[in-house]
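Residue numbers (the working numbering): 15 to 407.
All C-beta atoms in this analysis are idealised placements derived from N, C-alpha and C, irrespective of residue type, glycine included.
These numbers were taken from a predicted model, which means no experiment stands behind them.
Written below as structure tokens is the structure these notes are about.
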């Protein structure tokens with residue numbers, strides 16, 4: 015493996031397959047927030063590492079993959095306590111973007127995305143609470159999947175915001191994604207393919223012009239109907255509801271530990287935790303109402319025959335070490351695009367859509383609840399002809 019990518023936090027953590035299966039011969043990397051027997055997950059922060067014990071067993075997701083023939087070859091970088099979308103870690107460094115080292119890889123599953131994009135492993139496991147699989151996958155030009163909330167066990171996973179936390183995965187090719195999905199979602203029955211593909215104009219409007227063009231090119235030979243998403247709340251209101259609910263849950267999960275040990279965080283993460291500490295339980299009422307309404311409306315729209323298409327992120331990966339209002343606005347736009355699947359607990363798969371100035375952009379598809387394996391297989395069939403055509407400029 016090539017050390018220059020800095021994707022791995024620890025390559026000495028290895029677990030051999032426990033059986034033969036569909037993933038035999040494949041290797042995977044694991045975000046350093048999962049239990050691996052005999053290892054203490056750092057959650058991207060040395061204070062966490064030093065105040066927690068070694069795991070007595072593997073996380074459930076790890077067990078499933080090892081039992082299907084895959085080999086774990088190391089754990090990867092993450093934003094501190096998974097609370098970020100950039101992939102820049104104050105303590106352990108930032109994995110290098112696989113194409114342009116001046117760009118961020120995206121977070122919080124940054125190391126997992128880079129390990130896949132650089133060809134260091136066949137696939138990687140991460141987590142997605144607010145976009146932590148989808149955004150780094152889009153920035154690094156790989157496939158990334160956030161499952162239906164609650165469909166995969168989070169046993170052995172350090173929590174961030176439990177009602178949003180999911181176990182997700184990434185790969186460079188759709189066939190590997192299908193293989194991993196067949197293991198993790200073996201309990202799901204697959205239904206007939208989707209008949210309606212809906213693009214949402216007001217989500218495309220959040221996207222940079224050149225990135226939007228690349229996404230539309232990928233869609234142009236597929237029958238996609240476009241409309242404005244007529245939800246009861248504006249996307250900005252949905253995003254604020256998500257941030258509020260997430261922030262309150264984050265402080266519930268980690269506030270006592272933070273107050274007890276007073277850990278050092280990077281400036282941006284420290285600021286977010288400080289903000290989360292100011293939220294009140296009464297702030298949840300309106301946010302829960304928005305979540306309930308959006309969930310009902312998206313459930314009605316995504317009725318088992320319809321899927322939603324949208325750009326995964328507003329554009330290409332931003333520059334490293336960027337600061338100021340422009341970066342903050344980009345973060346808020348990104349959360350407006352990722353919060354819908356989060357609020358409604360829906361499966362979302364991001365697909366490499368092309369390149370803008372030699373940097374990747376992603377297209378996402380969202381399906382109804384518990385249509386995870388069906389969604390991945392639909393994309394496999396849909397991308398069959400498209401992957402024969404270069405997506406580069």
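{"Item": "In chain order, what residues of the same chain lie with their CB nearer than 6 Å to the CB of residue 258, ignoring the 5 residues before and after it?", "Value": "297 and 301"}
{"Item": "Can you name, in chain order, every residue of its own chain whose Cβ lies under 6 Å from the Cβ of residue 159, other than the five neighbours on each side?", "Value": "182, 183 and 363"}
{"Item": "What ranges does the beta strand (DSSP E) occupy inside the stretch 73–129, keeping only unbroken runs of at least 3 residues that lie completely in it?", "Value": "85–90"}
{"Item": "Work out the CA separation of residue 143 and residue 161 for me, nearest whole Å.", "Value": "10 Å"}
{"Item": "Using 8 Å as the cut-off, can you tell me whether the stretch 221–228 makes contact with the stretch 98–117, which would need three or more C-beta pairs spanning the two stretches below that distance?", "Value": "no"}
{"Item": "Buried or exposed for residue 93, please, with buried defined as at least 16 other CB atoms from any protein chain shown within 10 angstroms of its CB.", "Value": "buried"}
{"Item": "Would you mind sorting residue 359 into buried or exposed? The rule is 16 or more other CB atoms within 10 Å of its CB.", "Value": "buried"}
{"Item": "Just tell me which of 376, 382 and 83 has its CA closest to the CA of residue 186.", "Value": "376"}
{"Item": "Kindly confirm or deny that the stretch 225–234 and the stretch 383–394 touch, where touching means at least three C-beta pairs closer than 8 Å.", "Value": "no"}
{"Item": "Please find out if some non-hydrogen atom of the ligand PLP comes closer than 7 Å to the beta-carbon of residue 341.", "Value": "Absent from the structure shown: the ligand PLP. Ligands present: none."}
{"Item": "So which of 89, 332, 255 and 201 has the shortest CA-CA distance to residue 299?", "Value": "255"}
{"Item": "Measure the Cβ-Cβ separation of residue 287 and residue 97 and say whether it is below 8 Å.", "Value": "yes"}
{"Item": "Drop a sphere of 10 angstroms on the beta-carbon of residue 350, count the other beta-carbons inside from all chains shown, and report buried for 16 or more, exposed for fewer.", "Value": "buried"}
{"Item": "Can you tell me whether residue 4 is buried or exposed? The criterion is at least 16 other CB atoms within 10 Å of its CB, across all chains shown.", "Value": "This structure gives no information on residue 4, because the portion of the chain shown stretches from 15 to 407."}
{"Item": "Starting from residue 299 and walking both ways along the alpha helix (DSSP H), at which residues does that stretch end?", "Value": "298–315"}
{"Item": "Grouping DSSP H, G and I as helix and E and B as strand, with all else coil, what is residue 202?", "Value": "coil"}
{"Item": "Applying the 10 Å Cβ sphere with the 16-neighbour rule, what's the burial state of residue 333?", "Value": "exposed"}
{"Item": "Any idea if residue 407 is buried or exposed, counting beta-carbon neighbours within 10 angstroms, 16 or more meaning buried?", "Value": "Interpretation of residue 407 is limited by its pLDDT of 42, a score under 50 that renders its predicted location unreliable; the figure taken from the coordinates is listed afterwards. Residue 407 is exposed by the Cβ-count criterion."}
{"Item": "Quick one: what's residue 142 bridged to in DSSP?", "Value": "180"}
{"Item": "Considering Cα atoms alone, identify which of 263, 122 and 154 is closest to residue 140.", "Value": "122"}
{"Item": "To which residues of the same chain is residue 388 closer than 8 Å at the C-beta, ignoring the five residues directly before and after it?", "Value": "202, 204, 205, 207, 208 and 381"}
{"Item": "Decide yes or no for the touch test of the stretch 67–84 against the stretch 44–51: beta carbon pairs closer than 8 Å, at least 3 of them.", "Value": "yes"}
{"Item": "According to DSSP, simplified to helix, strand and coil, what is residue 44?", "Value": "strand"}
{"Item": "What is the residue span of the alpha helix (DSSP H) that residue 60 lies within?", "Value": "60–64"}
{"Item": "Could you tell me the alpha carbon to alpha carbon distance between residue 279 and residue 23, rounded to whole angstroms?", "Value": "18 Å"}
{"Item": "Near residue 151, what residues of its chain come up, given a Cβ to Cβ distance below 6 Å and the 5 sequence neighbours on each side ignored?", "Value": "127, 158, 184 and 364"}
{"Item": "Judging by CA-CA distance, which residue of 274, 319, 318 and 263 is the nearest neighbour of residue 292?", "Value": "263"}
{"Item": "Can you grab the Cα-Cα spacing for the pair residue 310 / residue 249, in whole Å?", "Value": "16 Å"}
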